[in-house]
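Structure record follows, encoded as structure tokens.
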Amino acid sequence: MRPVFVSGGSSGIGYAAAKLLAQKGHDIAIFARDSVKLARARDGILAAAPNVDVRCFAVDVSDRAAVTAALDEAVAAMGAPEVAIASAGFAQPGLFSEQPLELHERQMAVNYFGALYFTKALAGPMAKAGGGQIGLISSGTAFVGIYGYGAYAPSKFALRGLAEILHLELEPQGIGVTICYPPDTETPQLEAEKATKPAATAKISEGGGLWQAEPVAQRLIDGMARGRLVVAPGFQMAGLHRFGSLIAPVLRWHQRRMIRKFGP
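One gets the numbering used here by counting positions in the sequence shown from 1 and adding 2 to each.
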């Protein structure tokens, strides 16, 4: 059984996925910026699966040279992963007219390029080792534009395009690619979003319920095991996936109502 590599593995969906896969017997490598949070995550994973090897790599996934070096080190020490999940990401909502370009660049750098660097560095070793599964974490904002997510949504739209292409291109190498569109999930990222989320955005995004990280992670793991391209947990994400282009005009109408009612 080959190891599992998870970026963003110190919290949220990434941490939940790492813990679930450790319980299946996989050794785990987790990648995130904060070494303290990584150590805490390692302790949590080992508490759930005491007999696995868990290694931590403190790295910013948007730094191509640094993350590539960390992944090369992990592959050299543990072997090519059987499962690789790019979960690192962040969202900072706000209005386009008010957010600086640097914030647009940072969200694209982490959410899209971070996943790209992660996938690019691991696809070759995974193919040589006999294949495997790659999981990417997107968002409902990849299906339809949502007011207040002008810096975040484009990074998730881009990730959706990458996943759909890699699902085809990597299949002959024995590598499956699955993209997950989580509903609102109780994670530190979601909590941080509240600090800058415009009032209208908060109202627009209501109604889909709040999921816990572990059920979302389990859906992703199950979807990867079945070779599915798309995992869209919950009725809201499933509906956007299947009927997004048809219901987009209704969603835009609804958003305009919320904007008029609640303002920015």
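Idealized CB from N, CA, C, for every residue including glycine. All values reported here derive from a predicted model rather than from experimental measurement.
Among the options, whose alpha-carbon lies nearest the alpha-carbon of residue i?
| i | options | result |
| --- | --- | --- |
| T180 | L161, V77 and A111 | L161 |
| L212 | G150, E193, K199 and L22 | E193 |
| A78 | R108, M110 and M128 | M128 |
| R285 | A131, P95, G126 and V252 | Since the first residue of the chain shown is 3 and the last is 266, residue 285 is not available in this structure. |
| L253 | F237, Q220, I206 and A82 | I206 |
| A16 | L248, R228 and G137 | Note that residue 16 corresponds to Gly in the displayed sequence, not to Ala. Ranking L248, R228 and G137 by Cα distance to G16 puts G137 first. |
| A49 | A18, D224 and V69 | A18 |
| G163 | Y114, M80, G81 and T189 | Y114 |
With burial defined as no fewer than 16 other Cβ atoms inside 10 Å of the residue's Cβ, what is the status of residue i: buried or exposed?
| i | result |
| --- | --- |
| I139 | buried |
| P174 | exposed |
| V218 | buried |
| V38 | exposed |
| S89 | buried |
| M226 | buried |
| E84 | buried |
| A197 | exposed |
| K199 | buried |
| L242 | buried |
| F123 | According to the sequence shown, residue 123 is Ala rather than Phe. By the 10 Å Cβ count, A123 comes out buried. |
Under DSSP, the alpha helix (DSSP H) around residue i begins and ends at which residues?
| i | result |
| --- | --- |
| I223 | A215 to A227 |
| V69 | R66 to M80 |
| V112 | Looking at the DSSP string, V112 is not in any alpha helix (DSSP H), and its letter there is neither H nor E. |
Could you tell me the distance, in whole angstroms, from the CA atom of residue i to the CA atom of residue j?
| i | j | result |
| --- | --- | --- |
| D65 | H106 | 16 Å |
| V214 | G10 | According to the sequence displayed, residue 214 carries Gln and not Val. Approximately 16 Å, taken between the alpha carbons. |
| R230 | A20 | 19 Å |
| G1 | E100 | With the chain running from 3 to 266 in the structure shown, residue 1 is simply not present. |
| E166 | G265 | 36 Å |
| A93 | T121 | 21 Å |
| A71 | R259 | 49 Å |
| A41 | E216 | 19 Å |
| L222 | R35 | 23 Å |
| L267 | L103 | In the structure displayed, the chain extends from 3 to 266; residue 267 sits before or after that span and is not available. |
| F59 | D186 | 27 Å |
| A125 | F98 | 35 Å |
| V6 | H28 | 6 Å |
| M239 | G150 | 19 Å |
| Q257 | P184 | 20 Å |
| R44 | S12 | 8 Å |
| W255 | K263 | 13 Å |
| V61 | L73 | 10 Å |
| A111 | V8 | 18 Å |
| E171 | K26 | 28 Å |
For residue i, which residues from the same chain have a beta carbon less than 6 Å from its beta carbon, with the 5 sequence-adjacent residues on both sides left out?
| i | result |
| --- | --- |
| A24 | I30, I47, A51 and V54 |
| K158 | S140, S141, T143 and A144 |
| R57 | A31 |
| G116 | V63, S64 and A90 |
| C182 | I139, L222 and V233 |
| Q135 | V85, G178 and M226 |
Specify, as a first and last residue, the run of the beta strand (DSSP E) that residue i falls within.
| i | result |
| --- | --- |
| Q135 | G134 to I139 |
| S9 | V6 to S9 |
| V179 | I177 to C182 |
| F59 | V56 to A60 |
| A86 | V85 to A88 |
For residue i, which residues of its own chain have a beta-carbon under 8 Å away from its beta-carbon, when the five flanking residues on both sides are left out?
| i | result |
| --- | --- |
| A155 | S141, T143, A144, G147 and I148 |
Who are the Cβ neighbours of residue i in its own chain at under 7 Å, not counting the five residues just before and after it?
| i | result |
| --- | --- |
| H169 | V179 and L231 |
| G246 | F145 and V146 |
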